[in-house]
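Engineer: Quick one: structure below, then a few questions.
Residue numbers (our numbering): 18 to 109.
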């Protein structure tokens, strides 16, 4: 895993995305890869909500998403991409 250094507009987008829910998702993924269903169960939230949060985290490069065959269709597997996020105060 790598460090993500952000500043300016990107830093604002990452900061906005780091809610209590997304931070909890990142913490779970720091231990293991998880599918959306398992993540939702562990956090006591709906799969739809967790899937949307995962989409945001993926767009920002904080997680990587792969798709695998499951018992009932396709499973969305999430994996942490960064171990550290550094915010630079300077603008672009």
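Note that beta-carbon positions come from the ideal geometry of N, C-alpha and C, so glycine has one too.
If you run the structure through DSSP and keep just helix, strand and coil, what is residue 96?
Structural biologist: strand
Engineer: Hey, how far is the Cα of residue 93 from the Cα of residue 82?
Structural biologist: Each residue's Cα considered, the two are about 7 Å apart.
Engineer: Could you check the C-alpha separation between residue 5 and residue 101 for me, to the nearest Å?
Structural biologist: Outside the displayed span of the chain (18 to 109) sits residue 5, for which this structure offers no information.
Engineer: Do the CB positions of residue 67 and residue 56 come within less than 7 Å of each other?
Structural biologist: yes
Engineer: Per DSSP, what are the beta-bridge partners of residue 21 in this structure?
Structural biologist: 102
Engineer: Pick helix, strand or coil for residue 43, following the three-state DSSP scheme.
Structural biologist: helix
Engineer: Is the CB of residue 86 under 7 Å away from at least one CB in chain C?
Structural biologist: Considering every chain present, this structure includes no chain C. It has just one protein chain.
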